[in-house]
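Position one of the sequence shown corresponds to residue 4 (the numbering used here), numbered consecutively onward.
The beta carbon of each residue, even a glycine, is placed where N, CA and C say it ideally should be.
Okay, structure first, notes after.
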Amino acid sequence: MLISRILGGATAILAGLAISAQAETWDMPTPYPDATFHTVNITEFAADVAAATDGALEINVHSAASLFKHPEISRAVRSGQVPIGEFFLSLLANENPAFGADSLPFLATNYDDAERLWAAQKEVIAGLLEDQGMMVLYAVPWPPQGLYTTSEITSVDDLVGLKFRTYNATLEEFANLAGAAPTQVEVPDIPQAFSTGRVEAMITSPSTGVNSKAWDFLTHYTDIQAWIPKNVVVVNARSFRRLDDATQTAVLEAAAAAEARGWEMSRAETEAQTAVLAENGIIVVAPSEDLMTGLREIGAQMLESWTAEAGEAGAALLSAYGK
């Protein structure tokens with residue numbers, strides 16, 4: 004009986020050690036608050052991975068840039084400081100123009116076009132990130148980007164001199180071409196930047212406007228549908244390869260589900276969050292033809308310079324997109 008107890012205890016200890024050896028926790032930095040639909044989707048992705056692996060892989064989501072600031076996340080994944088992370092794809096446009104294709108003004112302004120653009124862009128992006136030791140798991144778009152201001156804007160001339168919030172090189176170029184004064188501001192700092200007069204205008208999604216409670220510090224939202232940028236979720240390639248085959252499959256399947264779910268969430272988010280802006284007193288207006296003409300001219304200039312800078316890779320991307 005004593006031997007049975009000893010053997011039973013040893014078996015339990017060995018089983019516990021085996022579970023402990025197999026279980027792994029990944030810290031995942033993300034830049035946006037818990038209520039943002041991207042973060043909601045990522046939380047579901049993490050839950051799907053845990054369920055599919057019976058807890059062998061747990062993904063601990065650190066939202067709102069609480070673990071790494073947004074511009075640091077890609078480097079953290081690349082260096083192996085964390086195995087997985089999410090960031091705004093065009094933040095890497097300084098490294099290669101292909102990263103910023105989805106933030107080119109008026110290149111893709113509806114979801115069907117955005118899906119075609121991602122299909123054309125994905126292979127290029129995957130190769131560039133592979134060179135940095137990363138793998139693309141999935142990408143999810145923001146709603147079409149609109150113009151937020153503290154007064155009515157009816158033409159590009161109305162933007163001249165305004166302090167304009169930027170978050171990447173593409174938007175900085177846009178602000179300069181519009182005659183505005185670009186100022187780098189991350190999402191968590193938007194309310195303070197407007198309240199202190201550091202910025203007076205921005206282009207961002209209805210989602211970010213609602214999450215930032217834009218009605219507290221500005222008055223107008225002009226629905227210019229300028230572009231549909233994406234967030235991308237990437238994994239450190241070495242970390243991924245260390246997983247067993249079954250866990251790798253579980254991660255990839257959960258990622259595919261998250262991408263499909265995220266695109267649908269984004270579509271629903273556009274209408275719902277635009278309505279929330281109006282309900283809270285923001286004046287939501289369709290852009291004037293004069294404004295759109297001027298904005299499209301800026302977009303055409305930016306596409307021309309982007310194409311020249313992007314070279315053969317850019318030409319191949321645009322050809323695959325059908326542009």
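Evaluate residue i with the Cβ neighbour count: other Cβ atoms within 10 Å of its Cβ, from every protein chain shown; 16 or more gives buried, anything less gives exposed.
{"i": "Asn283", "result": "exposed"}
{"i": "Lys233", "result": "buried"}
{"i": "Asp208", "result": "This sequence places Ser at residue 208; Asp is not what is there. Flag for Ser208 reads buried."}
{"i": "Thr42", "result": "buried"}
{"i": "Tyr168", "result": "The sequence given here places Arg at residue 168; Tyr does not occur at that position. Buried, since its Cβ has 16 or more Cβ neighbours within 10 Å."}
{"i": "Asn239", "result": "buried"}
{"i": "Ser269", "result": "buried"}
{"i": "Asn63", "result": "exposed"}
{"i": "Gly314", "result": "exposed"}
{"i": "Glu312", "result": "exposed"}
{"i": "Ser106", "result": "buried"}
Between the alpha carbons of residue i and residue j, how many angstroms are there, rounded?
{"i": "Ala281", "j": "Gly130", "result": "42 Å"}
{"i": "Thr186", "j": "Met138", "result": "31 Å"}
{"i": "Gly149", "j": "Ala289", "result": "10 Å"}
{"i": "Gln135", "j": "Pro100", "result": "16 Å"}
{"i": "Asp37", "j": "Ala249", "result": "29 Å"}
{"i": "Ser158", "j": "Ile301", "result": "12 Å"}
{"i": "Thr277", "j": "Leu221", "result": "15 Å"}
{"i": "Glu307", "j": "Gln228", "result": "20 Å"}
{"i": "Ile206", "j": "Ser242", "result": "36 Å"}
{"i": "Val163", "j": "Arg201", "result": "15 Å"}
{"i": "Gly103", "j": "Leu92", "result": "7 Å"}
{"i": "Glu262", "j": "Ala142", "result": "6 Å"}
{"i": "Thr153", "j": "Gly325", "result": "37 Å"}
{"i": "Glu189", "j": "Ala59", "result": "35 Å"}
{"i": "Ile286", "j": "Ala53", "result": "43 Å"}
{"i": "Tyr224", "j": "Trp218", "result": "10 Å"}
{"i": "Leu321", "j": "Asn179", "result": "24 Å"}
{"i": "Gly83", "j": "Glu47", "result": "23 Å"}
{"i": "Asp160", "j": "Arg299", "result": "14 Å"}
{"i": "Ser66", "j": "Thr39", "result": "10 Å"}
{"i": "Thr211", "j": "Ala323", "result": "31 Å"}
{"i": "Glu267", "j": "Lys125", "result": "19 Å"}
{"i": "Arg244", "j": "Gly265", "result": "25 Å"}
{"i": "Leu294", "j": "Leu110", "result": "17 Å"}
{"i": "Ser198", "j": "Met305", "result": "31 Å"}
{"i": "Thr252", "j": "Asp115", "result": "28 Å"}
{"i": "Ile156", "j": "Phe90", "result": "30 Å"}
In terms of DSSP beta bridges, what is residue i paired with?
{"i": "Thr28", "result": "Glu61"}
{"i": "His223", "result": "Thr152, Ile286"}
{"i": "Met295", "result": "None; Met295 has no bridge partner."}
{"i": "Asn259", "result": "Asn is not the amino acid found at residue 259; the sequence shown has Ala there. Paired residue(s): none; Ala259 is not in a bridge."}
{"i": "Thr169", "result": "Gln187"}
Give every residue of the same chain whose Cβ lies closer than 6 Å to the Cβ of residue i, excluding the five residues on either side of it in the sequence, and list them in chain order.
{"i": "Ala68", "result": "Pro34"}
{"i": "Ala172", "result": "Ala96, Asn97"}
{"i": "Ala18", "result": "For Ala18, the predicted structure reports a pLDDT of 45, less than 50, and the residue's modelled location is therefore unreliable. The matter cannot be settled from this model."}
{"i": "Thr310", "result": "Gly317"}
{"i": "Ser215", "result": "Ile193, Pro194"}
{"i": "Trp145", "result": "Ser208, Pro232"}
{"i": "Val213", "result": "Gln276, Val279"}
{"i": "Glu61", "result": "Thr28, Ala53"}
{"i": "Ala319", "result": "none"}
Residues in the same chain with beta-carbon distance under 8 Å from residue i, minus the five sequence neighbours each way, listed in chain order, please.
{"i": "Gly88", "result": "Met31, Pro32, Thr33, Phe71, Ile76, Ser77, Ala79, Val80, Val236, Val237"}
{"i": "Thr112", "result": "Pro147, Gln228, Ala229, Trp230, Ile231"}
{"i": "Glu133", "result": "Ala240"}
Run through DSSP, which three-state label would residue i get?
{"i": "Asn392", "result": "Nothing about residue 392 can be reported from this structure: the residues present for the chain run from 4 to 326 only."}
{"i": "Gly88", "result": "strand"}
{"i": "Ile206", "result": "strand"}
{"i": "Arg244", "result": "helix"}
{"i": "Ala184", "result": "strand"}
{"i": "Ala111", "result": "coil"}
{"i": "Ala38", "result": "coil"}
{"i": "Arg81", "result": "helix"}
{"i": "Phe71", "result": "coil"}
{"i": "Val163", "result": "coil"}
{"i": "Pro144", "result": "strand"}
{"i": "Lys326", "result": "coil"}
Spatial neighbours of residue i within its chain, please: CB distance less than 7 Å, with the 5 preceding and 5 following residues excluded, ordered by chain position.
{"i": "Asp51", "result": "Ala257, Ala260"}
{"i": "Val127", "result": "Ala101, Ala316, Leu320"}
{"i": "Pro108", "result": "Phe177, Ala229, Trp230, Leu298, Ile301, Gly302, Met305"}
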